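Student: Chains as they are written, first to last, in our numbering: chain A, 55 to 537; chain B, 55 to 537.
Here it is: the structure, laid out below.
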């Protein structure tokens with residue numbers, strides 16, 4: 055990896071003792087973790103660096119940042135862990151200065167209500183930071199996205215992150231009881247701490263997925279769990295992906311609600327070293343803090359075997375066994391992903407992922423169309439490539455497929471190559487009736503497809519909401535296709 | 055019941071061959087089914103009658119109604135089953151004429167995707183109408199609110215109705231995959247048919263709970279189920295309500311997800327004829343189309359017994375047994391409610407229900423405070439009264455309590471008496487941190503409390519959304535505390 059070259063960081067246009075102009079600080083806040091971001095980091099390309107980084111320690115600092123932005127005519131980009139893969143934490147450099155508002159110091163668990171199983175947590179808390187605090191109370195949020203170690207609660211809420219649970223609590227949305235968001239001119243939006251309500255449209259849902267465009271999330275009250283005491287895990291091999299898909303659909307529609315229900319196609323299983331015989335593999339797990347989960351696992355296996363699945367012996371664990379823990383499981387299966395990507399990028403390999411969600415009746419066509427589009431785009435680059443698919447989350451009405459593509463030896467700049475493949479993949483998703491993203495958010499990268507996916511009146515509604523609380527358009531301009 | 059007196063219906067101010075001015079039609083669209091509504095019906099008080107009723111048969115009719123409203127400077131009130139208990143289907147008479155837009159003819163199931171378990175259904179379909187059509191495909195929506203026979207899918211979506219399932223799929227929100235809503239000037243908002251998405255704030259959630267203020271819902275794609283084949287049911291008696299509450303909390307937090315988990319306090323159990331020995335009663339049921347549910351029932355009973363519960367023998371049913379069916383169950387336990395209310399009102403008895411939701415740690419205080427406030431309000435009226443409580447839905451973080459009050463022999467007009475008790479109850483709910491409604495919606499009745507509950511910036515957001523698609527304020531003015 056090349057050395058950091060501070061001379062490549064554009065000169066700051068905002069001087070304030072309140073924030074940091076240190077080139078390294080600016081550089082570290084100039085992109086997220088997408089393929090393009092990593093490539094630009096390798097190239098010392100900091101052209102999108104902000105003008106100032108404010109390290110907020112409390113809500114007063116955020117109010118000060120609003121005032122400074124207003125005075126300087128600057129934009130504010132909320133910055134949590136900086137793991138966006140869709141350009142969510144960088145403003146392309148224009149005449150308008152940019153303040154990156156780093157929230158990682160607002161990371162305390164301030165209230166635990168064990169009786170109601172909820173905890174109020176600072177939005178800047180990284181995954182391990184909040185889990186460590188919850189563990190003292192015997193509780194866990196159990197939200198383990200691939201970025202778990204490096205991303206924050208506020209980032210998860212702003213982007214509707216997907217987590218550990220393959221069913222039921224798939225998005226952070228489902229774990230969010232209440233949010234607190236500071237808006238530039240509308241005041242503080244704090245929703246009531248109730249388990250559910252039927253009073254008008256759900257205000258939490260205006261904040262979940264808002265990607266920093268309406269305000270800054272400062273804390274949230276989250277539904278937490280007791281640590282699981284019972285676990286059953288099993289892998290099932292299928293002669294082909296289609297058989298696995300059918301088994302997974304039956305399990306997703308069974309009402310059994312497995313914690314893990316990840317289906318890997320033949321290539322994905324091979325790449326991840328799960329099987330070497332060309333099988334597709336379904337990784338199933340059930341967990342509970344309350345009761346044994348052997349029976350639902352047995353039933354799920356019956357559904358899998360009925361479609362031609364070959365099940366390995368089930369591993370049951372109780373609290374007395376050595377606790378591998380979901381975080382550990384996650385590490386072993388996921389953590390390698392981003393590091394592998396970095397290593398490959400440094401060798402000039404094009405490697406990235408994309409994902410979405412569609413109904414079961416559309417999946418076969420989607421998979422065919424995505425494969426055809428992506429492989430054809432890779433071919434046009436003169437590259438050799440591969441595409442693999444897995445399901446990260448499943449619903450009674452459809453799966454959330456997640457694809458990885460790799461291309462080697464293509465012609466032209468890697469960024470241009472990436473753009474060609476990404477465009478082919480995204481077009482195919484939209485044309486086949488899928489959503490442009492199940493859990494990677496819109497950011498700036500997905501905005502062109504999102505604005506096609508989004509119903510026109512809904513675009514007008516989002517713009518109106520933004521104007522109501524941020525009339526000067528200070529907050530993260532450009533995300534969600536709103537300016 | 056007194057005879058209908060057509061001379062009491064105010065003269066229509068909108069003449070159009072497109073709609074109906076028949077006094078009976080206007081009278082039938084002049085209120086919902088609340089205590090006040092029924093009382094006014096008894097009194098032949100049709101002062102809030104609309105000026106015209108349009109019986110829409112398709113979207114063209116709705117577009118025509120928009121045009122007519124625009125030409126006449128009239129408001130439009132979408133009318134489904136007319137079962138609102140919060141003043142959602144009536145505009146207080148002002149200088150502005152009112153068109154009631156009856157949608158019950160838009161009631162067809164137009165598409166069934168058995169593979170993805172979804173069906174597209176006209177918004178005007180009454181519960182039994184849509185269930186009959188789904189039954190032909192071996193499917194069921196399983197949304198059985200108390201108003202099931204008389205309310206429509208579009209009404210359920212507009213008001214975030216609560217249904218059959220005590221856990222997981224508690225609100226119609228959870229069963230809604232996609233909605234289609236016509237707005238006065240913003241065009242048609244139709245959301246994508248995907249099982250889930252992380253692309254921006256969820257557009258469905260801007261329609262769910264919108265109470266006709268943003269537009270007219272014309273159809274929706276709903277998640278449907280196979281008919282259950284396995285059922286286990288059981289009642290558990292508790293020496294007192296508090297013990298039942300603790301057992302119910304443990305079950306709600308167990309991850310067992312019972313289909314029915316209704317806890318009746320001592321008085322509620324007595325009134326409903328469930329027990330006569332002063333016990334509180336928990337009615338538990340599990341159901342599945344896929345698998346036997348004896349094991350989760352046994353575990354839930356263990357949790358109940360641990361808190362002092364005394365369980366009756368469990369009744370297990372499979373598809374071979376006579377199918378009582380959830381609708382039948384619902385009928386036996388719920389249907390009597392509204393009819394009993396009508397009968398009592400005709401005898402000059404004040405009888406009504408109210409509900410909300412709060413966290414578990416707040417429930418004991420809430421129950422104490424609500425009881426004190428309501429009984430004190432009844433006492434001040436010089437009436438004798440009673441208050442009973444049940445849980446209709448439960449969540450890991452809290453219950454949705456539902457109260458019934460009865461007062462006899464109070465001084466003054468019954469409407470004034472009602473207002474005094476309703477105010478006492480609603481104030482107590484808000485002061486104790488509960489929501490003003492879990493599934494009865496805001497309408498006009500709850501608006502004063504809803505605007506207190508709602509975060510201020512969120513009120514501005516809702517107004518902005520309305521202005522974006524309905525700048526003239528045609529749609530159901532006054533609901534949700536937006537004008």
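Ideal Cβ positions, reconstructed from N, Cα and C, are used throughout, including at glycine.
These figures come from a predicted structure and were not determined experimentally.
Would residue 322/A and residue 442/A qualify as a contact pair, given that the criterion is a beta-carbon distance under 8 Å?
Tutor: Taking the first residue of the first chain as 1, we reach residue 322/A at position 268. Taking the first residue of the first chain as 1, we reach residue 442/A at position 388. Yes, the Cβ-Cβ distance between residue 322/A and residue 442/A is below 8 Å.
Student: Could you spell out the range, first to last residue, of the alpha helix (DSSP H) harbouring residue 529/B?
Tutor: Along the second chain, read from residue 1 onward, the residue named residue 529/B stands at position 475. That residue, residue 529/B, is in no alpha helix (DSSP H); it is neither H nor E in DSSP.
Student: Give me whichever residues DSSP pairs with residue 457/A in a beta bridge.
Tutor: If you number the first chain from 1, residue 457/A lands on position 403. Note: residue 457/A sits in a beta bridge opposite 408/A and 443/A.
Student: According to DSSP, what are the bridge partners of residue 318/A?
Tutor: Translated into positions along the first chain, residue 318/A becomes position 264. Answer is 335/A and 444/A.
Student: Would you mind sorting residue 276/B into buried or exposed? The rule is 16 or more other CB atoms within 10 Å of its CB.
Tutor: Reading the second chain from its first residue, position 222 is the one you call residue 276/B. It counts as buried.
Student: Please classify residue 416/B as buried or exposed, where buried requires at least 16 other C-beta atoms within 10 Å of its C-beta.
Tutor: For the purposes of this step, residue 416/B is taken as the residue at position 362 of the second chain. It is buried - the Cβ of residue 416/B has at least 16 other Cβ atoms within 10 Å.
Student: Residues of chain A with a CB under 7 Å from the CB of residue 307/B: which are they?
Tutor: Translated into the one-based positions of the second chain, residue 307/B becomes position 253. Chain A residues near residue 307/B: 171.
Student: Looking at residue 2/A: is its Cβ nearer than 8 Å to the Cβ of residue 464/A?
Tutor: The requested residue 2/A does not occur in the structure, where chain A is confined to residues 55 to 537.
Student: Evaluate residue 529/B with the Cβ neighbour count: other Cβ atoms within 10 Å of its Cβ, from every protein chain shown; 16 or more gives buried, anything less gives exposed.
Tutor: Stepping through the second chain from its first residue, residue 529/B is reached at position 475. So residue 529/B ends up on the buried side.
Student: Which residue marks the beginning of the beta strand (DSSP E) containing residue 156/A, and which one marks its end?
Tutor: For the purposes of this step, residue 156/A is taken as residue 102 along the first chain, with counting starting at 1. Run containing residue 156/A: 152–156, per the beta strand (DSSP E) assignment.
Student: Starting from residue 89/B, trace the alpha helix (DSSP H) in both directions and tell me its first and last residue.
Tutor: Locating residue 89/B in the second chain gives position 35, where the first residue counts as 1. 89–96 is the extent of the alpha helix (DSSP H) around residue 89/B.
Student: Which ranges does the alpha helix (DSSP H) cover as unbroken runs of at least 4 residues, wholly within the region 135–204 of chain A, from first to last along the chain?
Tutor: Here the runs fully enclosed are 181–189.
Student: Select from 372/B, 450/B and 80/B the residue whose C-alpha is nearest the C-alpha of residue 136/B.
Tutor: Taking the second chain and counting its residues from 1, the one referred to as residue 136/B is at position 82. It is 80/B whose Cα lies nearest to the Cα of residue 136/B.
Student: Name the chain B residues that come within less than 7 Å of residue 490/A, Cβ to Cβ?
Tutor: The sequence position of residue 490/A within the first chain is 436, counting from 1. By Cβ distance, chain B contributes 253.
Student: Using a beta-carbon distance cut-off of less than 7 Å, what residues from the region 349–377 of chain A approach chain B?
Tutor: Listed in sequence order: 349 and 353.
Student: Keeping to the same chain, check which residues put their C-beta closer than 7 Å to that of residue 240/B; ignore five residues upstream and five downstream.
Tutor: Translated into positions along the second chain, residue 240/B becomes position 186. Once the five neighbours on either side are set aside, the close Cβ partners of residue 240/B are 522 and 523.
Student: Are three or more beta carbon pairs between the region 216–227 of chain A and the region 477–488 of chain B nearer than 8 Å?
Tutor: Cβ pair count under 8 Å is below three, so no.
Student: Taking residue 287/A as the query, report the chain B residues whose CB atoms sit under 7 Å from its CB, ordered along the chain.
Tutor: Residue 287/A sits at position 233 when you count from the first residue of the first chain. What residue 287/A touches in chain B: nothing, since even the nearest Cβ is about 17 Å away.
Student: Check whether the Cβ atoms of residue 251/A and residue 411/B sit closer than 8 Å, and answer yes or no.
Tutor: Against the first chain, residue 251/A aligns to sequence position 197. Against the second chain, residue 411/B aligns to sequence position 357. Yes, the Cβ-Cβ distance between residue 251/A and residue 411/B is below 8 Å.
Student: Would DSSP call residue 69/A helix, strand or coil?
Tutor: Translated into positions along the first chain, residue 69/A becomes position 15. In this structure, residue 69/A counts as coil in the three-state DSSP scheme.
Student: So, does the CB of residue 61/A fall closer than 8 Å to a CB anywhere in chain B?
Tutor: Reading the first chain from its first residue, position 7 is the one you call residue 61/A. No, its Cβ sits nowhere closer than 8 Å to a Cβ of chain B.
Student: Consider the Cβ of residue 108/B: report whether some Cβ of chain A lies at a distance smaller than 8 Å.
Tutor: Stepping through the second chain from its first residue, residue 108/B is reached at position 54. So no, residue 108/B is outside the interface.
Student: Assuming residue 409/B contacts residue 493/B under a Cβ cut-off of 8 Å, what Cβ separation, rounded to an integer in Å, is found between them?
Tutor: Looking up residue 409/B in the second chain gives position 355. Looking up residue 493/B in the second chain gives position 439. The pair is a contact, with the Cβ atoms about 7 Å apart (cut-off 8 Å).
Student: How big is the Cα-Cα spacing for residue 527/A and residue 94/B?
Tutor: As a working note, residue 527/A is residue 473 in the first chain. As a working note, residue 94/B is residue 40 in the second chain. Using only the alpha carbons, I get a separation of about 49 Å.
Student: Tell me which residue opens and which closes the beta strand (DSSP E) that residue 502/B is part of.
Tutor: Against the second chain, residue 502/B aligns to sequence position 448. That residue, residue 502/B, is in no beta strand (DSSP E); its alpha helix (DSSP H) goes 501–507.
Student: Roughly how many angstroms separate the alpha carbons of residue 67/B and residue 61/B, rounded to a whole number?
Tutor: As a working mapping, residue 67/B is identified with position 13 in the second chain. As a working mapping, residue 61/B is identified with position 7 in the second chain. Residue 67/B and residue 61/B: Cα-Cα distance of roughly 15 Å.
Student: So which residues of chain A does residue 245/B contact, with C-beta pairs closer than 7 Å?
Tutor: If you number the second chain from 1, residue 245/B lands on position 191. Chain A residues near residue 245/B: 509.
Student: What are the start and end residues of the alpha helix (DSSP H) that includes residue 421/A?
Tutor: Taking the first residue of the first chain as 1, we reach residue 421/A at position 367. 414–434 is the span of the alpha helix (DSSP H), which, as asked, contains residue 421/A.
Student: Sorry if obvious, but does the Cβ on residue 447/A come closer than 7 Å to a heavy atom of the ligand ADP?
Tutor: No copy of the ligand ADP appears in this structure; indeed no ligand is present at all.
Student: Go ahead and label residue 510/A buried or exposed: buried means 16 or more other beta carbons lie within 10 angstroms of its beta carbon, across all protein chains shown.
Tutor: For the purposes of this step, residue 510/A is taken as residue 456 along the first chain, with counting starting at 1. Residue 510/A comes out exposed.
Student: Just verifying my parser: in three-state terms, what is the DSSP assignment at residue 213/B?
Tutor: Within the second chain, residue 213/B is the residue found at index 159, counting from 1. The answer is helix: DSSP assigns residue 213/B an H, G or I state.
Student: I need the boundaries of the beta strand (DSSP E) containing residue 401/B, first residue and last residue.
Tutor: Looking up residue 401/B in the second chain gives position 347. Looking at the DSSP string, residue 401/B is not in any beta strand (DSSP E), and its letter there is neither H nor E.
Student: Near residue 449/A, what residues of its chain come up, given a Cβ to Cβ distance below 8 Å and the 5 sequence neighbours on each side ignored?
Tutor: Taking the first residue of the first chain as 1, we reach residue 449/A at position 395. So the qualifying residues of the chain are 221, 224, 306 and 411.
Student: Grab me the residues of residue 280/B's own chain with a C-beta within less than 7 Å of its C-beta, minus the 5 sequence neighbours each way, in chain order.
Tutor: Reading the second chain from its first residue, position 226 is the one you call residue 280/B. Within the same chain, residue 280/B has close Cβ partners 192, 193 and 343.
Student: Determine the burial state of residue 364/B: buried for a count of at least 16 other Cβ atoms within 10 Å of its Cβ, exposed for fewer.
Tutor: Here residue 364/B is taken as the residue at index 310 of the second chain, counted from 1. By the 10 Å Cβ count, residue 364/B comes out exposed.
Student: List the whole-angstrom C-beta distance separating residue 109/A from residue 156/A, where the pair is believed to meet the contact cut-off of C-beta under 8 Å.
Tutor: Numbered from its first residue, the first chain carries residue 109/A at position 55. Numbered from its first residue, the first chain carries residue 156/A at position 102. 5 Å between Cβ atoms; contact.
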